[in-house]
Each structure stands twice: as structure tokens, then as C-alpha cells.
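From first to last, the protein sequence lines are chains A and B. Each residue of the first sequence is one higher than the one before, counting from 1 in my numbering. Each residue of the second sequence is one higher than the one before, counting from 188 in my numbering. Before any comments, here is the structure.
There are 2 protein chains.
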Amino acid sequence: MHLHTGETDARLLEAALELLAERGYQGATTRRIAERAGVAEVTLFRRFGSKARLLAEAVRRAGAAFEEVAARPSGDLRADLLEMARNYQEPFELGGAAAFMLAVEASRAGELRGALAEALQPRIRAVQDFFAHYQRAGALRPGDLDTMINAFLGPLVGAAFFQRTTGRGPRLDLEKHVEGFLGGWSA
Amino acid sequence: MHLHTGETDARLLEAALELLAERGYQGATTRRIAERAGVAEVTLFRRFGSKARLLAEAVRRAGAAFEEVAARPSGDLRADLLEMARNYQEPFELGGAAAFMLAVEASRAGELRGALAEALQPRIRAVQDFFAHYQRAGALRPGDLDTMINAFLGPLVGAAFFQRTTGRGPRLDLEKHVEGFLGGWSA
DNA sequence: CCTGTATGTAAGTGCATGCTAACATCAGTC
DNA sequence: GACTGATGTTAGCATGCACTTACATACAGG
């Protein structure tokens with residue numbers, strides 16, 4: 001075996017993810033991916049078989065990276081919300097891979113849809129459980145779970161959206177966002 | 188002159204917008220656009236010169252369509268917010284053109300960026316003025332204009348985002364969204 | 001009927017794309 | 001030092017792309 005076996009894959013996956021976010025599925029050409037990864041184009045096909053498989057695998061791993069973003073209730077709702085907001089802000093807004101753009105691409109390129117859904121499903125569950133927990137504990141209003149989750153995560157997505165598309169807009173003030181949310185949704 | 192002169196342009200612009208939202212800039216090929224519009228591909232080039240010009244014009248008109256979405260304060264904050272939410276929900280979430288996807292594409296395809304900025308700028312101003320007005324009137328908390336706007340519009344974008352990307356998630360309950368917002372941000 | 005204009009049809013050009021084939025290199029293993 | 005496996009280099013193929021050219025058709029106004 002070569003020394004760099006695993007590294008080659010990692011570099012291809014990372015380059016694929018970046019280009020997918022920057023340029024979209026069709027804009028992430030195999031030539032560009034290979035160039036950014038610093039390997040020959042043919043290596044991409046030898047290791048992943050096709051562009052679709054490489055990108056699907058890249059999306060799957062990007063989703064798995066979200067595992068680190070905890071959404072486990074500690075008992076202190078305000079602190080948990082702030083931490084969650086911080087954890088989600090980076091991948092949505094500024095992270096090199098731009099989860100935001102990935103999701104958009106995945107919704108369009110059929111080959112990626114399954115990979116994204118697979119990667120996101122446990123995350124969605126965790127967030128639902130988090131809010132449901134604080135509802136049962138009496139800290140949040142009962143009912144309307146989806147609207148509530150959206151009221152909390154929506155502004156994070158929205159801020160990323162406006163920043164990416166208009167290039168303007170300051171970074172969201174997370175403390176004030178949490179405060180506004182609690183004002184509207186705490187029991 | 189032909190009878191259908193204006194109609195040809197309109198159909199091309201509409202088809203271009205739909206495909207841009209569905210498939211992205213590169214996925215919106217001139218063949219597909221012409222086919223959906225029901226005209227010959229060569230007609231597209233005769234009337235708009237190039238794909239880039241057609242799509243830029245389509246985005247410009249889509250932005251102009253937002254003009255109808257009023258953000259003029261009437262004095263009744265709650266009613267205004269609800270109307271605004273309703274007016275924004277359709278283009279963001281379900282409208283055929285999917286403003287959401289357009290904005291994503293425009294942020295990537297340099298040729299469209301100017302057209303989108305041009306179309307969006309008056310809209311952004313109107314929304315800022317709307318919230319600033321109710322701040323001065325004492326109905327909304329002073330300061331933090333951007334965070335506040337984001338708290339209101341973010342969930343609308345977020346709901347569209349989750350619907351489009353995951354295919355799931357119910358439509359946002361606008362009345363409860365407005366109520367939650369007022370709970371957090373009214374003075 | 002004639003002319004001008006908007007459209008359609010058909011064919012094609014040059015380029016980028018995803019992907020393949022053939023051969024060379026280079027580092028470890030035995 | 002031969003062998004193996006991962007890589008690089010080069011060339012190429014078929015396809016789809018934006019876009020063009022040339023010619024035919026249809027319809028309106030004079």
C-alpha cells in the first residue's frame with residue numbers, strides 16, 4: 001500500500017464538498033475537484049467510480065460531522081439554546097462546506113438526495129427531542145413543535161441566506177436571538 | 188408584426204425562471220427552456236441574445252414582482268405582520284419561481300448577481316423602513332433592527348428551506364409565528 | 001399581391017464534460 | 001531485486017452545451 005492511501009480520499013472528499021457548495025452539482029466538475037485536491041482526475045474515478053458516488057459520499061460525511069453539534073438538554077434551557085445556536089451558526093453560515101448550499105444542491109440533484117436525508121435524519125430527530133423535552137419539562141409552551149423549532153432555527157438559516165445571497169447583513173446576535181425566542185415561546 | 192410577439196418573450200422568461208429554480212443555472216439549459224416555453228431554441232437567442240441575458244432579465248422581473256408585496260405600515264402592527272408574512276410565504280415557499288432558489292443561484296452565477304441585487308434592493312429598504320417605523324411608534328423594541336427583521340423573516344426562509352430540502356415539514360402556522368414574534372419583540 | 005417581421009427546421013461548430021484505456025512511476029513487501 | 005498496488009501522464013471518446021447559419025413558413029399591413 002501507498003502511504004497516502006487514506007489521505008487521497010480525504011482530499012477528494014473535501015474538495016468535492018467545497019466545490020459543491022461554491023458552484024453547485026454541475027459546477028463541481030471532476031476536473032476541478034481533482035485539481036483542488038491535488039490529484040489526477042483519473043484517480044477520482046479509480047477511487048470512487050463516478051462523480052455521483054464521490055459527491056454522495058462527501059455529503060454523507062458532511063452530515064455525519066453534524067453529530068458533534070449537540071442538542072442534549074442539560075436542564076438550563078437558555079444556556080442550551082445559546083450553545084445550540086452557536087453550534088449551528090458556523091456550519092450554516094460560514095463553514096467551509098456551507099451546509100446551507102449543500103442542502104440546496106442535494107434537493108436538486110437526485111443522486112444526492114438520499115445521502116443527505118440519511119445524514120440529516122438523526123439530526124432532525126435530536127432537535128425535535130430537545131424541544132419536546134423542554135416542553136414536557138414545562139419550560140416551553142406546549143404544542144406547535146414545528147413552528148417553535150422553526151422560530152428558533154429559521155433565523156439561523158435566514159441569516160445565512162441573506163449573507164450568502166446579498167453579501168450583506170451583520171452576523172446574527174445570538175444572545176438577542178435567544179432572548180427574543182424565549183420571550184415568544186417560553187411558558 | 189406577429190400576433191404573439193410579446194407572448195413569446197413572456198413564455199421564455201417564465202420557463203427560464205422555473206428551470207432556474209428547479210435545476211439551477213447550469214441545469215437551466217437553453218434547450219430545456221425553449222422546450223418548456225414551447226418555442227424553438229433559436230428563437231431564444233434571437234430575442235435575448237444569450238442565455239445569460241435571458242436569465243438576468245427573468246430574475247429582474249421576478250424581483251419586480253415583489254413590488255406587490257406591501258410592507259407599508261397601516262398602524263395595526265399585528266395585522267401588518269400577518270399580511271407581510273402571508274405575502275412573503277408564497278414566493279419563498281411554494282411559488283413556481285421559488286425566490287429562495289433564485290437567490291441561491293444568483294449568488295453563484297456572477298451574471299445574475301447584479302440583476303438580483305437591483306431587483307431586491309428596494310424590497311430590503313421597504314422592510315427596514317417598516318420595522319423602523321413601528322420602532323419609532325413605540326410598538327417594537329428599540330435597537331437591533333437586523334436581528335429583529337431576521338427573527339421575523341428568518342423562519343419564513345427557514346420553513347421554505349426545510350420544505351425544499353427535506354421535502355417534509357408542515358407549512359408554517361403564520362398566526363402562531365406572528366404571535367411568537369410579538370411575544371419576543373413587541374415593546 | 002407584395003413586403004417585412006417573427007417564427008420554425010435543419011445542420012453544424014467549438015468547447016467542456018464524465019469517463020476510459022494504455023502505459024509509466026514510485027514506494028513499500030517478500 | 002522482482003512483485004504489488006496506488007498513483008501519474010497522455011490521449012481520446014461520446015455526449016451535451018451555448019450559439020450560429022441558411023433556408024423555409026406564416027401572418028400582418030399597405
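Beta carbons: idealized from backbone N, C-alpha and C, even for Gly.
Any chain A beta carbon closer than 8 angstroms to residue i
i                : result
Asn274 (chain B) : no
Thr293 (chain B) : The sequence shown places Ala at residue 293 (chain B), rather than the Thr named in the question. Ala293 (chain B) counts as touching chain A.
Arg248 (chain B) : no
Thr217 (chain B) : no
Ala290 (chain B) : yes
Thr230 (chain B) : no
Gln213 (chain B) : yes
Neighbour flag for residue i against chain B, beta carbons, 8 angstroms
i                : result
Arg23 (chain A)  : yes
Leu3 (chain A)   : Residue placement at Leu3 (chain A) is flagged as unreliable, the pLDDT there being 43, under the threshold of 50; a coordinate-derived value is accordingly withheld.
Phe131 (chain A) : no
Arg164 (chain A) : yes
Gly180 (chain A) : yes
Ala15 (chain A)  : no
Ala34 (chain A)  : no
Thr139 (chain A) : According to the sequence shown, residue 139 (chain A) is Ala rather than Thr. Taking Cβ atoms only, chain B never reaches closer than 8 angstroms to Ala139 (chain A), which makes this a no.
Ala71 (chain A)  : no
Ala117 (chain A) : yes
Pairwise C-alpha distance: residue j and residue i
i                : j                : result
Gly330 (chain B) : Tyr321 (chain B) : 12 angstroms
Met188 (chain B) : Glu194 (chain B) : Caution applies to Met188 (chain B), whose pLDDT of 48 falls short of 50 and renders its modelled position unreliable; the value that the coordinates give is listed next. Using only the alpha carbons, I get a separation of about 12 angstroms.
Asn337 (chain B) : Thr230 (chain B) : 42 angstroms
Glu57 (chain A)  : Arg295 (chain B) : 23 angstroms
Ala16 (chain A)  : Arg219 (chain B) : 27 angstroms
Leu112 (chain A) : Ala324 (chain B) : 49 angstroms
Gly184 (chain A) : Ala374 (chain B) : 12 angstroms
Gln276 (chain B) : Ala347 (chain B) : 8 angstroms
Phe235 (chain B) : Val39 (chain A)  : 41 angstroms
Pro309 (chain B) : Glu201 (chain B) : 22 angstroms
Val291 (chain B) : Leu241 (chain B) : 17 angstroms
Asp263 (chain B) : Leu120 (chain A) : 40 angstroms
Thr352 (chain B) : Phe162 (chain A) : 17 angstroms
Arg312 (chain B) : Phe318 (chain B) : 10 angstroms
Ala64 (chain A)  : Gln128 (chain A) : 18 angstroms
His364 (chain B) : Arg46 (chain A)  : 51 angstroms
Asp9 (chain A)   : Arg23 (chain A)  : 21 angstroms
Ala139 (chain A) : Arg60 (chain A)  : 34 angstroms
Ala217 (chain B) : Glu205 (chain B) : Here residue 217 (chain B) is Thr; the residue named in the question, Ala, does not match the sequence. C-alpha separation (whole angstroms): 13 angstroms.
Gln213 (chain B) : Pro73 (chain A)  : 43 angstroms
Ala215 (chain B) : Arg141 (chain A) : 45 angstroms
Leu190 (chain B) : Glu228 (chain B) : Below a pLDDT of 50, predicted positions are generally treated as unreliable, and Leu190 (chain B), at 44, falls in that range; no measurement from the model is reported.
Ala143 (chain B) : Ser237 (chain B) : Chain B is shown only over 188 to 374; residue 143 (chain B) falls outside these bounds and no answer can be derived.
Ala106 (chain A) : Glu305 (chain B) : 28 angstroms
Gly367 (chain B) : Leu332 (chain B) : 17 angstroms
7 angstroms Cβ cut-off: residues of chain B touching residue i
i                : result
Val157 (chain A) : Gly341, Val344, Gly345 and Phe348
Ala151 (chain A) : Pro342, His364 and Gly367
Ala56 (chain A)  : Ordered by position in chain B, no residue passes the 7 angstroms Cβ test against Ala56 (chain A), which lies about 15 angstroms from the chain.
Where residue i meets chain B, residues with beta-carbon distance less than 8 angstroms
i                : result
Asp144 (chain A) : Asp360 and Lys363
Gln135 (chain A) : Near Gln135 (chain A) there are no residues of chain B at all, since even the closest Cβ is about 14 angstroms away, more than 8 angstroms.
Ala65 (chain A)  : What Ala65 (chain A) touches in chain B: nothing, since even the nearest Cβ is about 17 angstroms away.
Rounded Cβ spacing between residue i and residue j (contact assumed at less than 8 angstroms)
i                : j                : result
Leu340 (chain B) : Gly158 (chain A) : 6 angstroms
Ala52 (chain A)  : Leu12 (chain A)  : In fact, because the Cβ distance is near 14 angstroms, the residues do not count as touching under 8 angstroms.
Ala175 (chain A) : Leu116 (chain A) : Going by the sequence as given, residue 175 (chain A) is Glu instead of Ala. Glu175 (chain A) to Leu116 (chain A), Cβ: 31 angstroms. No contact.
Leu182 (chain A) : Arg78 (chain A)  : 7 angstroms
Ala272 (chain A) : Ala62 (chain A)  : Because chain A spans 1 through 187 in this model, residue 272 (chain A) falls outside it and cannot be assessed.
Asp80 (chain A)  : Thr334 (chain B) : Actually they do not touch by this definition, with Cβ atoms about 20 angstroms apart.
Leu20 (chain A)  : Leu102 (chain A) : 6 angstroms
Chain-ordered chain A contacts of residue i [CB-CB under 8 angstroms]
i                : result
Gly370 (chain B) : Gly183, Gly184 and Trp185
Partners in chain B for residue i, counting only beta-carbon separations shorter than 9 angstroms
i                : result
Leu120 (chain A) : Thr352 and Thr353
Chain A residues whose Cβ lies nearer than 7 angstroms to that of residue i
i                : result
Thr195 (chain B) : Residues of chain A passing the Cβ test: none, with the nearest at roughly 27 angstroms.
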